[in-house]
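So the sequence shown is numbered by this note's numbering: it starts at 255 and just counts up by one.
Read through the structure below, which is laid out as structure tokens, and then see the notes.
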Amino acid sequence: MKTILLACCAVLATPPVYVYAQSADARPDSVRVALRQGADDAELNQLLSHVLGVERLRVEVTEARLAGKHLLLTYQEYRQGVASPEKEVVAAESRLSRFDSRGHFGLEVYARQATDSRLDNVFVFAAGRNTKSFQAMGTKGSLYSMRADIWPYQLRKSPAADSGQRPTLEHHFPVGKKVPFLVYTLPYEADGYLQYCSLAQSKVAPAEWYTKFKVEHFVVYYLLIH
Numbered sequence: 255m256k257t258i259l260l261a262c263c264a265v266l267a268t269p270p271v272y273v274y275a276q277s278a279d280a281r282p283d284s285v286r287v288a289l290r291q292g293a294d295d296a297e298l299n300q301l302l303s304h305v306l307g308v309e310r311l312r313v314e315v316t317e318a319r320l321a322g323k324h325l326l327l328t329y330q331e332y333r334q335g336v337a338s339p340e341k342e343v344v345a346a347e348s349r350l351s352r353f354d355s356r357g358h359f360g361l362e363v364y365a366r367q368a369t370d371s372r373l374d375n376v377f378v379f380a381a382g383r384n385t386k387s388f389q390a391m392g393t394k395g396s397l398y399s400m401r402a403d404i405w406p407y408q409l410r411k412s413p414a415a416d417s418g419q420r421p422t423l424e425h426h427f428p429v430g431k432k433v434p435f436l437v438y439t440l441p442y443e444a445d446g447y448l449q450y451c452s453l454a455q456s457k458v459a460p461a462e463w464y465t466k467f468k469v470e471h472f473v474v475y476y477l478l479i480h
């Protein structure tokens with residue numbers, strides 16, 4: 255039986271996203287995105303991850319100069335190296351993807367195996383939600399994982415008041431440039447192990463994962479902050 259390597263994944267798998275930028279008027283070149291994975295309440299986190307098999311990511315962005323602007327989330331599914339057309343998670347210019355008047359944007363992402371054959375990725379915005387469903391590869395539905403650690407997030411130091419929260423990770427993302435943001439993927443199988451962290455942190459572009467690692471099925475989510 256294959257062994258699943260999870261040790262290095264606990265902190266890096268999927269936390270919330272916050273965005274902060276620099277000075278007052280011009281659009282920032284980049285924003286700082288903070289991720290927090292799981293639920294802050296220990297019992298709820300245990301229920302989600304160990305009973306219901308649900309991965310949860312919280313994403314938040316706060317940048318005053320982005321007030322009223324939009325971000326665009328798109329996705330592209332890959333099966334055995336073949337890419338499907340890229341699609342939008344929500345329509346461009348949708349109210350769901352708009353920064354509020356304070357320049358704040360919040361998003362929660364839930365990923366789970368809904369049935370033996372169906373995978374659900376649920377995106378919960380401040381003003382609504384949207385679900386993207388995919389067909390699992392064979393009998394491997396329980397092996398999929400939502401990965402944020404394709405980028406080198408840094409652990410943010412939190413004040414004592416936040417000590418009850420899950421760890422918050424941060425990374426700067428460009429403004430005006432589309433980049434891979436999350437990947438919902440099967441693991442890389444090597445030497446009898448199922449490897450998640452070594453796959454996500456390989457620095458190989460997700461579009462090349464089938465060629466390089468023979469990962470049969472994954473979905474890449476792209477982020478564009480306008």
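No residue lacks a Cβ here, since even glycine has one placed at the ideal position from N, Cα and C.
- In this structure, Arg-356 sits near Ala-321, with a CB-CB distance shorter than 8 Å.
- Within the same chain, Cβ atoms closer than 6 Å to the Cβ of Pro-428 are found at Ser-284, the five residues on either side in sequence being excluded.
- Here Tyr-476 is not near Val-437, since their CB atoms are 8 Å or more apart.
- Spatial neighbours of Asn-299 in its own chain (CB-CB distance under 7 Å, excluding positions within 5 residues in sequence) are listed in chain order as Gly-292, Ala-293.
- Counted as a single uninterrupted DSSP element, the alpha helix (DSSP H) harbouring Phe-467 occupies residues 463-467.
- Within the model, the alpha-carbon separation for Leu-302 versus Glu-462 is close to 31 Å.
- Less than 8 Å divides the Cβ of Gln-367 from the Cβ of Leu-373.
- Here DSSP, grouped into helix, strand and coil, assigns Glu-470 to coil.
- A Cβ-Cβ contact shorter than 8 Å links Arg-333 with Glu-470.
- For Ala-296, the enclosing alpha helix (DSSP H) covers residues 296-300.
- Beta-carbon to beta-carbon, Leu-289 and Leu-478 are separated by about 18 Å, too far to satisfy the 8 Å threshold.
- For Thr-439, the closest of Val-378, Gly-392, Leu-327, Leu-397 by C-alpha to C-alpha distance is Leu-397.
- For Val-336, the secondary structure class from DSSP, reduced to helix, strand or coil, is strand.
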